[in-house]
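Remember, the working numbering sits 602 above the position in the sequence shown when you count from 1. No residue lacks a Cβ here, since even glycine has one placed at the ideal position from N, Cα and C. In this text, all values refer to a predicted model and were calculated from it rather than measured experimentally. Report on the following structure.
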Amino acid sequence: MPPARHREGAGEALRLARPYRTRCGAHARDVRGGAGRSFTVRAGGAGLEPGGRTPRVADGDLARRLLAFLRGRLDEPRLEFSEPPASVSGGFDTQIFAFRLRSAPPAYAGPLILRLLAPHLDPARALREGVIQNTLAGVGYPAPRAVLATADPGPLGGAFLIMERLPGKPLIEGRLSDIGRVLVEMQVRLHALDADVLLRTLAREDLAATVAGAPAIGRDRMTLEGYLAQLQQRVARESLDGLAAGVAWLVERRPAEPGRRVICHGDFHPLNILVSGGAVTGVIDWPNAIVADAAYDVAATKTILSLTPLDLSAALRGVARVLRPVMVRRYLAGYRRHRPIDPAALRYYEALSCMRQLVRVTENRLRAGAGPLNPLDASSFGDAMAARFSRITRIAPTLPPVRT
C-alpha cells in the first residue's frame, strides 16, 4: 500500500445559540484517504455498551503492533506511549481504543482514538470515513479529524483509522430539555453544508487511489442509489429471503432526487453528539453518512429516537413511554421550523432506516460461530423495526430467531 499522503488543515469554530456552542478540537494533519461503525460512542470515543460480535484484541498485543507500525510510518524509532491503548468501546464491527503518544510529531501529540475494523469488513470503509471526517472538519463542522487511515489489514488485523479524541460527554447525559434543540441545531448546520464539496473530494481520492493501485474510496456508496444497491447485494449474497420483498419495495418506490441533496450523518442521535461546558465539542460516528435528501437523515433520527431500547428501571420505563413521543414530536417540529420535510418522503426514508437495521440484525443472527449477539441485536429492537416497516409498507419482514 502506498504511504499516506498528508496535507495541513484546520476547521474554524461553528458557533451555536446558547447554551451550547461548538468548540473545535486541536489542529491536526489531514490524511488523503485514510473507519467503521461503532454502536454507541461516549466521551470522545469512550463506549456505552461493551461486547458484540467483534473478537477482542488483547491490549498488550495491540499496543506492540500499533507502536511498531507508527514508529515505521512516522519514521520515529523513539516513539512511545504515554497512555497505552485502552479499550473504551465495543461495537458491532469495530473495536475502539484510546491512547496517547510521547515524542510524537505535532499531529499525533494529543489524545487519540484508534478505530479498528473487523477483518471481514470492506477495508475501504476506513479510507472513506477518514475522508468524510476531514472534509467536514475542514469546512468548520466539528467532526474529529483523522490523522491516519489505512486499508491494509496487515499491521493490526483489520483496516483502521486514527483520529483526534474529542473532549466531552454525550448530549444525552446533559439536560433532557436541551436534547431536541441541540439535535436540530447541529443537524440543520450539517445539512446547510455544500454536499458537492464532499462528493468532489471523494471522487478525487477515488481517482488518486486508482492511479496508485490502492483500494478505491467508494464515492458511489455515498449516494442513495449506491446505498440501495448495497442493500440489494447484501440481501442476495446472504440469502436474506425474509427481507427481499421489503428491499424490492424500497427500490421500486425510490423518490425523485430532491432539488438539493445534503450531507446526511445517518446515525444522528444524542449519543453521537459530545458536549462540554455548554459547548458542542464534536459529532462522531460517521460510517453511515451519505449524500441524499435531508428527509433521509431526519427519518433515521426519528427511528432511532422512537424505537431504540432504553436500559432503564421499571419506574423510569413508564416515564420514558410518556416523554419519548413528546421528544420526537419536538424534534420534528423544531427541524421543520428551519426547512420543510415532505411527509411522504419522510415515511419512505423511515422505512429505509428500518430496513438498514433489519439487514444488519438478520446478518448477525444468521452468522454461525461468531459468538454471542450484542445486546441490541438480541433484544426486541429488530422486531420493533420490522413492525414499523410493515406499518409503513404493508410488507411484513421476517427475522430469524435469536439463537440461544
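By Cβ distance, which residues of its chain are closer than 8 angstroms to residue 678, with the 5 residues on each side in sequence left out?
Taken in chain order, the residues that qualify are 672, 705, 706, 707.
Quiz item: Which residues in the same chain have their Cβ closer than 7 angstroms to the Cβ of residue 929, if we skip the five residues on either side of it in sequence?
Solution: Taking C-beta separations shorter than 7 angstroms and ignoring five residues to either side along the sequence, the partners of residue 929 in its chain run 781, 782, 907, following chain order.
Whole angstroms are fine: how far does the CA of residue 766 sit from the CA of residue 624?
Any reading at residue 624 is ruled out, since the residue's pLDDT is 43, under 50, leaving its predicted position unreliable.
- Identity of the residue in 1005, 786, 925, 975 nearest residue 773 by Cα: Out of 1005, 786, 925, 975, 786 has the C-alpha closest to the C-alpha of residue 773.
Original post:
By Cβ distance, which residues of its chain are closer than 7 angstroms to residue 994, with the 5 residues on each side in sequence left out?
Top reply: Short of 7 angstroms from the beta carbon of residue 994, and not among the five residues preceding or following it, lie these beta carbons of its own chain, in chain order: 949, 952, 953.
(request) Determine, using beta-carbon pairs with one atom in the segment 884-902 and one in the segment 748-763, whether at least three such pairs fall under 8 angstroms. (result) As far as the Cβ criterion goes, the segment 884-902 does not touch the segment 748-763, which means the pair count is below three.
**Prompt:** Along the chain, where does the alpha helix (DSSP H) that runs through residue 788 open and close?
**Reply:** Start and end: 778-793.
*Relative to the C-alpha of residue 881, which residue among 777, 931, 893 is closest?*
Ranking the options by Cα distance to residue 881, first place goes to 777.
Residue 882 in three-state terms, based on DSSP | Here DSSP, grouped into helix, strand and coil, assigns residue 882 to strand.
Just to check my reading of the structure: residue 716 and residue 727 have Cβ atoms closer than 8 angstroms, yes? What is that Cβ distance to the nearest angstrom? Between residue 727 and residue 716 the Cβ distance is about 15 angstroms, and since that is not below 8 angstroms, they are no contact.
Using a Cβ-Cβ distance under 7 angstroms, would residue 835 count as near chain B?
-> Going by chain labels, chain B is absent from the structure shown, which holds only one protein chain.
Q. Do the segment 723-738 and the segment 674-689 meet, that is, are 3 or more Cβ pairs less than 8 angstroms apart?
A. No: fewer than three Cβ pairs fall under 8 angstroms.
Under the three-state DSSP convention, the category residue 749 falls into:
Residue state for residue 749 is assigned as strand, using DSSP reduced to three classes.
Exercise for review: Could you name the residues of the same chain whose beta carbon sits closer than 6 angstroms to that of residue 853, not counting the 5 residues immediately before and after it, in chain order?
Suggested key: If we look at residue 853 and ignore the five residues flanking it on each side, its Cβ neighbours are 830.
- Could you tell me which residues DSSP pairs with residue 963 in its beta bridges? Its beta-bridge partners do not exist; DSSP assigns none.
| message | Tell me whether the segment 798-815 and the segment 920-927 touch, counting them as touching only if at least three CB pairs, one residue from each stretch, are closer than 8 angstroms. | response | No contact exists between the segment 798-815 and the segment 920-927.
Once you ignore the five residues that flank residue 956 on each side, which residues in its own chain have a CB closer than 7 angstroms to its CB? If the five residues before and after residue 956 are omitted, its C-beta is found closer than 7 angstroms to the C-beta atoms of 905, 987, 990, 991, all from its own chain and listed in chain order.
Do the segment 841-857 and the segment 736-746 make contact, defined as three or more Cβ pairs closer than 8 angstroms?
Using a Cβ-Cβ distance cut-off of 8 angstroms, the segment 841-857 and the segment 736-746 are not in contact, since fewer than three pairs of beta carbons, one from each stretch, lie closer than that value.
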